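Undergrad: Residue numbers (numbering that gives the first Met the number 0): 0 to 285. Mind looking over this structure? Questions follow.
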Amino acid sequence: MAVPREQFLSPVWRDGIFENKVLFCTGGAGTICSMQVRAFVALGGNACIIGRNPEKTERGAADIALVRPGAKVIGLVADVRDVKALEDAANRCVKELGSLDFAIAGAAGNFLAPMAQLSSNAFKTVMDIDAVGSYNTAKAVLPHLVKSAQKHKNTGAAQPTGTGGRIIFVSASFHFTGKPLQAHVAAAKAAVDQISHAVGIEYGPYGITSNIITPGPIANTEGMARLSKADPESQKKFAKKIPVGRYGQVKEIADATVYLFAETGSYVNANTLVVDGGQWRVTGAA
Ligand code: HXC
Numbered sequence: 000m001a002v003p004r005e006q007f008l009s010p011v012w013r014d015g016i017f018e019n020k021v022l023f024c025t026g027g028a029g030t031i032c033s034m035q036v037r038a039f040v041a042l043g044g045n046a047c048i049i050g051r052n053p054e055k056t057e058r059g060a061a062d063i064a065l066v067r068p069g070a071k072v073i074g075l076v077a078d079v080r081d082v083k084a085l086e087d088a089a090n091r092c093v094k095e096l097g098s099l100d101f102a103i104a105g106a107a108g109n110f111l112a113p114m115a116q117l118s119s120n121a122f123k124t125v126m127d128i129d130a131v132g133s134y135n136t137a138k139a140v141l142p143h144l145v146k147s148a149q150k151h152k153n154t155g156a157a158q159p160t161g162t163g164g165r166i167i168f169v170s171a172s173f174h175f176t177g178k179p180l181q182a183h184v185a186a187a188k189a190a191v192d193q194i195s196h197a198v199g200i201e202y203g204p205y206g207i208t209s210n211i212i213t214p215g216p217i218a219n220t221e222g223m224a225r226l227s228k229a230d231p232e233s234q235k236k237f238a239k240k241i242p243v244g245r246y247g248q249v250k251e252i253a254d255a256t257v258y259l260f261a262e263t264g265s266y267v268n269a270n271t272l273v274v275d276g277g278q279w280r281v282t283g284a285a
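In structure tokens, the structure reads:
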């Protein structure tokens with residue numbers, strides 16, 4: 000289904016900035032990641048999205064492709080817990096779309112559970128999807144990102160818009176403070192953050208930047224549906240506690256993504272961009 004552009008991208012960005020570039024995104028059919036990919040594709044890029052569910056992934060890719068005539072978006076099935084499947088997907092992305100210049104490690108699994116009801120296997124499952132899955136994604140894409148970054152490395156100037164070699168990890172803020180019912184995800188996202196920092200530091204010399212986007216409470220997302228109280232009264236009360244007084248929009252995550260991938264983000268590395276209206280500082284975590 001075509002999504003109106005104003006729902007996933009601010010009008011400040013210039014068309015064509017990601018022309019001839021390719022984005023690889025795990026969890027790319029999800030509510031937040033699909034908008035990040037849409038923004039990239041609307042601005043001239045092509046994309047490969049990875050998911051576990053074949054129908055959802057294929058439909059997601061076809062929907063994203065509607066944002067720009069001529070856009071190429073492919074959906075590939077892989078479980079991020081399987082590094083070989085991700086490496087195969089990354090190679091196929093390069094074969095079908097010509098390169099792999101940008102990446103988003105966005106696949107995640109979550110549910111609310113008190114520790115008393117969280118089995119060791121449940122904890123491990125979320126660690127495997129979120130933490131190991133993000134590590135596997137980095138392993139699969141980094142050789143390709145290095146190739147892309149080397150094309151522009153050490154020119155002395157800020158890397159121009161469209162320069163590849165950038166990766167974003169989608170994280171959360173639970174571990175900034177501590178959060179009940181989220182021992183598994185807080186532990187996993189803390190690991191994700193450290194993986195991103197390590198990539199930024201180890202691969203910075205190759206021209207790679209690695210950053211984290213930490214979404215706060217973003218309206219109409221699967222994460223919020225799973226984690227927040229559904230009744231409108233509780234939601235209104237919660238929104239009032241957020242310093243900016245409202246939930247975020249997926250577009251605000253997509254704009255942050257474009258900022259980090261475009262020339263605007265060329266000197267931002269091994270860091271975290273928290274897009275939450277200031278929420279975690281006052282209420283602890285989404
Ligand atoms: C307690 C649970 C549980 C629950 C599953 N388990 N759901 N335990 N409460 N609600 C336990 C199971 O009993 C099992 O343990 C273990 O977890 C593994 O479950 P499986 O179903 O076998 O695993 P799997 O099929 O791989 O599914 C993984 C999943 C599932 C994480 C459990 O929910 C999933 O696939 N989610 C993907 C989509 C998703 O979660 N999207 C939301 C991302 S949003 P036992 O001991 O019985 O074997 C997000 C946003 C965060 O992360 C930030 C927001 C601000």
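We treat Cβ as the ideally placed atom computed from N, Cα and C, and that holds for glycine. Here the structure is a predicted model, which means the values were calculated and not measured.
1) What does the alpha-carbon distance come out to for the pair K178 and N19?
2) If the criterion is Cβ atoms closer than 8 Å, does the pair G286 and G164 meet it?
3) CB-CB under 6 Å to G50, same chain, minus the five flanking residues each way: which ones, in chain order?
4) How long is the line joining the alpha carbons of S98 and W279, rounded to whole angstroms?
5) Would V191 and F23 be called neighbours here (beta carbons separated by less than 8 Å)?
6) Which word fits N268, buried or exposed, when buried means at least 16 other C-beta atoms lie within 10 angstroms of its C-beta?
7) Would you tell me roughly how many angstroms separate the C-alpha atoms of H183 and K123, rounded to the nearest one?
8) Are the region 61-80 and the region 39-47 touching, with three or more C-beta to C-beta distances below 8 Å?
9) What does the Cβ neighbour count give for I128, buried or exposed, with the cut at 16 atoms within 10 Å?
10) Near S133, what residues of its chain come up, given a Cβ to Cβ distance below 6 Å and the 5 sequence neighbours on each side ignored?
11) Start and end of the alpha helix (DSSP H) containing P53?
12) Nearer than 7 Å: is that true of the beta carbon of R225 relative to any heavy atom of ligand 1?
13) Report the partner residues of S209 according to the DSSP bridge assignment.
TA: Per the coordinate set shown:
1) Within the sequence shown, the letter at position 179 stands for residue 178. Within the sequence shown, the letter at position 20 stands for residue 19. Looking at the backbone, the Cα of K178 and that of N19 are separated by about 42 Å.
2) Absent from the model: residue 286. The displayed extent of the chain is 0 to 285, so no value can be given.
3) Residue numbering aside, residue 50 sits at position 51 when the sequence shown is read from its first letter. Same-chain partners within the cutoff: A28, T56.
4) As a first step, residue 98 must be located in the sequence shown, where it is residue number 99. As a first step, residue 279 must be located in the sequence shown, where it is residue number 280. Each residue's Cα considered, the two are about 37 Å apart.
5) Position 192 of the sequence shown, counted from the start, is the residue given in the question as residue 191. Position 24 of the sequence shown, counted from the start, is the residue given in the question as residue 23. Going by C-beta atoms, V191 is not nearer than 8 Å to F23.
6) On the sequence shown, residue 268 is found 269 positions in, with the first residue counted as 1. So N268 ends up on the buried side.
7) Your numbering for residue 183 matches position 184 in the sequence shown. Your numbering for residue 123 matches position 124 in the sequence shown. Computed Cα separation, rounded: 8 Å.
8) yes
9) Residue numbering aside, residue 128 sits at position 129 when the sequence shown is read from its first letter. Buried.
10) As a position in the sequence shown, residue 133 is number 134, starting the count at 1. Around S133: A104, F168, V191, I194.
11) Position 54 of the sequence shown, counted from the start, is the residue given in the question as residue 53. Taken as a continuous stretch (DSSP letters only), the alpha helix (DSSP H) holding P53 covers 53-64.
12) The residue labelled residue 225 in the question sits at position 226 within the sequence shown. Yes, Cβ of R225 sits closer than 7 Å to a heavy atom of ligand 1.
13) Within the sequence shown, numbered from 1, the residue matching residue 209 stands at position 210. S209 pairs with I166.
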